[in-house]
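Asks: Counting from 1218, one number per residue, gives the positions in the sequence shown under this note's numbering. Beta carbons are placed, not taken as given, at the ideal position from N, Cα and C, and that holds for glycine. Computed from a prediction, not measured in an experiment: that's the story for all the values here. One structure is given below, represented as structure tokens, and several questions about it will come after.
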Amino acid sequence: MSDKGKFRGASFDSLLLALVKFFTLASGLIGTVVLSHSLSLRAYGTYSQGIMVVMLGADLTILGLADGVNYFYNRKRLTADAELYVRTAVSLQVVLGLGLGVLILLLQSVLVGYFDNPMLQGVFIYLAFRPLLLNLGTIFQVLMVSVGRARSIAVRNGAFSSLKLAAIFATAYITSDIGVLFAILLGLDAISILWFWLTFRKYAFAVWPVRWRIDRIRDILSFSLPMALYVACSSLSRQFGALVIAKNESTANYAIYANASIQLPLDVITSSFLTVVIPTVTRLIAESEWDRARVLFKHYLTIGYLTTMTFAVVCIVLAEEIILVLYGERYLPGVTVFRIYLVSSMIRFAGFSLILSAAGRSAILMRVSLVSLAANAVMSLVGYQMIGFEGPAVATVVVNVLTTMVLLRFSARQIHASAGDLFDRSSLLRYAGSLVLVVPFGSAINWVFRDLPVAPAFTVAVVAIVCVALVFALSRRNLIAALRGINSQG
């Protein structure tokens, strides 16, 4: 195949994966909207508690094995060791997942007592082994990309997202049975893994269990554990506020808090740019091209705050209307929590862990994440006692902001710069000025629409489009310069 043909193929695959990723995010959000509007607060709270158990279990047991598989398979793919490392990693994930599943089943009465929700009784059989299936899916997706089957992943993800959305609609409008929904989701996950296994066997090799060797396990874990600890601590820290609310509030109140704290996909643009920036920054750091790495990351951060931060600010202005559109009037008591978490969303674009991981400083990430987790645990408990329902949200945001500032300082050092060198002060001032002008203007439009017989969705659409367009227009020079800078550096 010619270079031109390869380029077109890679471009098509990337575009297809991006579109399917967007569809997956959209279908997940649609599912949340449908269940929020159709189920009672208690039923939806039960669903949210089950999902939290699954996601926490998956994050705590993945142990960075997907990254490990990617590293060892692509590094050793021309040797027999490639199969052995992949099979060892998958076998390790299976053992961890099965162990977690058995533990969840043994402790289900404890979990029911923790959440003080009898509706969870009987559904853990459908939840216990989903973390294993989710993690295996992540590992197999990495392997499928490595053997050039990105399009197969796109088709699979699109199909299974549609099936899961259909199951949610059936639950919302036919059965209203959370247990049935969890059973269907478990079945779809199992079918998905079977499809992955059969497809990878066709194009590469069958991933059978393998006899463990200490040296291979040591190699895999020494590579994957540092980042795994960072991811696990970050996940637990992110969920700690919800855990405090689940323990101390009713299931209905937990439903309100869970939806208010959902991370909206406001960083969808910056995450796409991050895909381009990661390999380039890694290469520049490896080649000691500190100035070029600094300039490239500076351009990325500019795009980040111009997009993600703008979207978050607009959502804060439209908080009540967005809750009405997405979740319904019953969830309005969570509007303050919703706004607080949007402050945290403003800095999600930063990606400072990228610099540290590219520089091989995962030990710093581990230490920062451990301190962050401990601080969030203490502050969430204290915050709930002092403030109440909004306390854990305030604690989480404060810890996230402080953690980001610490990572900013460490990251700047890795590319021989100061924190201030990663931002253009004049651009930041102009951007701040645009927000000072646009936010009151958008708020005024919102207040006018509240007195008119218009649907909240119409208000959200009009105000969001106007505000974002104005900010982009006022910051167009900075945005264009950043885009050109990334293009030239890449």
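Tell me the DSSP secondary structure of residue 1429 in three-state form.
Replies: For this step, residue 1429 is matched to residue 212 along the sequence shown. Correct three-state label for residue 1429: coil.
Asks: Leaving out five residues before and five after residue 1396 in sequence, what residues of the same chain have Cβ atoms less than 7 Å from its Cβ?
Replies: For this step, residue 1396 is matched to residue 179 along the sequence shown. Once the five neighbours on either side are set aside, the close Cβ partners of residue 1396 are 1339, 1340, 1343.
Asks: Check the C-beta distance from residue 1581 over to residue 1514 and give it rounded, since I have them as a contact under 8 Å.
Replies: Your numbering for residue 1581 matches position 364 in the sequence shown. Your numbering for residue 1514 matches position 297 in the sequence shown. Contact doesn't hold; Cβ gap of about 17 Å is too wide.
Asks: My assumption, with CB atoms under 8 Å, is that residue 1613 sits in contact with residue 1561. Please give the rounded CB distance.
Replies: Counting from one through the sequence shown, the residue named residue 1613 turns up at place 396. Counting from one through the sequence shown, the residue named residue 1561 turns up at place 344. Yes, they are in contact, since the Cβ atoms of residue 1613 and residue 1561 sit about 7 Å apart, within 8 Å.
Asks: Just how far apart, CA to CA, sit residue 1722 and residue 1334?
Replies: There is no way to answer for residue 1722, as the model of the chain reaches only from 1218 to 1707.
Asks: Using the three-state DSSP reduction, which class does residue 1667 fall into: helix, strand or coil?
Replies: By one-based count along the sequence shown, residue 1667 stands at place 450. Looking at residue 1667 - three-state DSSP - the assignment turns out to be helix.
Asks: Answer with buried or exposed for residue 1643, where buried requires no fewer than 16 other C-beta atoms within 10 angstroms of its C-beta.
Replies: As a first step, residue 1643 must be located in the sequence shown, where it is residue number 426. Looking at its Cβ environment, which holds fewer than 16 other Cβ atoms inside 10 Å, residue 1643 is exposed.
Asks: Short of 7 Å in beta carbon distance, which residues of its chain neighbour residue 1400, apart from the five on each side in sequence? Order them along the chain.
Replies: The residue given as residue 1400 occupies position 183 in the sequence shown. Excluding positions up to five away in sequence, the list reads 1343.
Asks: Assign residue 1526 to buried or exposed, taking buried as 16 or more other Cβ atoms, counted over all protein chains shown, within 10 Å of its Cβ.
Replies: Reading the sequence shown from its first residue, position 309 is the one you call residue 1526. Looking at its Cβ environment, which holds 16 or more other Cβ atoms inside 10 Å, residue 1526 is buried.
Asks: Express the C-alpha separation of residue 1392 and residue 1641 in angstroms, rounding to a whole number.
Replies: What you label residue 1641 is simply residue 424 of the sequence shown in a count that begins at 1. What you label residue 1392 is simply residue 175 of the sequence shown in a count that begins at 1. The alpha-carbon atoms of residue 1641 and residue 1392 are separated by roughly 55 Å.
Asks: Need the endpoints of the alpha helix (DSSP H) that residue 1272 sits in, please.
Replies: Here residue 1272 refers to the residue found at position 55 of the sequence shown. Here the alpha helix (DSSP H) through residue 1272 covers 1258 to 1278.
Asks: For residue 1254, name the three-state secondary structure that DSSP assigns.
Replies: Stepping through the sequence shown from its first residue, residue 1254 is reached at position 37. Residue state, collapsed to three classes: helix.
Asks: Given a threshold of 16 other Cβ atoms within 10 Å of its Cβ, counted over all protein chains shown, does residue 1576 qualify as buried or as exposed?
Replies: If you number the sequence shown from 1, residue 1576 lands on position 359. Residue 1576 should be labelled buried.
Asks: I need the boundaries of the alpha helix (DSSP H) containing residue 1333, first residue and last residue.
Replies: Here residue 1333 is taken as the residue at index 116 of the sequence shown, counted from 1. Where residue 1333 is concerned, there is no enclosing alpha helix (DSSP H), given that its DSSP letter is neither H nor E.
Asks: For residue 1218, which residues from the same chain have a beta carbon less than 6 Å from its beta carbon, with the 5 sequence-adjacent residues on both sides left out?
Replies: Along the sequence shown, one-based indexing puts residue 1218 at 1. For residue 1218, the predicted model reports a pLDDT of 44, less than 50, meaning its position is unreliable; a value from the coordinates is still stated below. For residue 1218, where only same-chain residues beyond five positions count, there are no Cβ hits under 6 Å.
Asks: Tell me the DSSP secondary structure of residue 1480 in three-state form.
Replies: Here residue 1480 is taken as the residue at index 263 of the sequence shown, counted from 1. Three-state result, residue 1480: coil.
Asks: If you reduce the DSSP assignment to three classes, tell me which class residue 1302 lands in.
Replies: Your numbering for residue 1302 matches position 85 in the sequence shown. Residue 1302 falls in the helix class under three-state DSSP.
Asks: From what residue to what residue does the alpha helix (DSSP H) around residue 1516 run?
Replies: Here the question's residue 1516 lines up with position 299 in the sequence shown. Note, residue 1516: alpha helix (DSSP H), 1507 to 1521.
Asks: Just verifying my parser: in three-state terms, what is the DSSP assignment at residue 1554?
Replies: By 1-based counting over the sequence shown, the position of residue 1554 is 337. Residue 1554: helix per DSSP, three-state reduction.
Asks: Report the CB separation of residue 1522 from residue 1648 in whole angstroms; it is logged as a contact under 8 Å.
Replies: By one-based count along the sequence shown, residue 1522 stands at place 305. By one-based count along the sequence shown, residue 1648 stands at place 431. Correct: roughly 7 Å between the Cβ atoms.
Asks: Please list, in chain order, all residues of the same chain as residue 1452 whose beta carbon is under 8 Å from its beta carbon, the five residues on each side excluded.
Replies: Reading the sequence shown from its first residue, position 235 is the one you call residue 1452. Closer than 8 Å at the Cβ level, and outside the excluded window around residue 1452, lie 1272, 1273, 1276, 1277.
Asks: Measure from the alpha carbon of residue 1443 to the alpha carbon of each residue in 1279, 1687, 1652, 1248, then state which is nearest.
Replies: For the purposes of this step, residue 1443 is taken as the residue at position 226 of the sequence shown. Comparing Cα positions, the closest option is 1279.
Asks: Tell me which same chain residues have a C-beta within less than 8 Å of the C-beta of residue 1322, skipping the five on either side of it?
Replies: By 1-based counting over the sequence shown, the position of residue 1322 is 105. Answer for residue 1322: 1341, 1342, 1345, listed in chain order.
Asks: Look at residue 1409 and residue 1282 and say whether their C-beta atoms are less than 9 Å apart.
Replies: As a first step, residue 1409 is located in the sequence shown; it is residue number 192 there, counting from the start. As a first step, residue 1282 is located in the sequence shown; it is residue number 65 there, counting from the start. No, these two residues do not count as a Cβ contact at 9 Å.
Asks: Please classify residue 1704: is it buried, with 16 or more other beta-carbons within 10 angstroms of its beta-carbon, or exposed?
Replies: Locating residue 1704 in the sequence shown gives position 487, counting from the first residue. Exposed.
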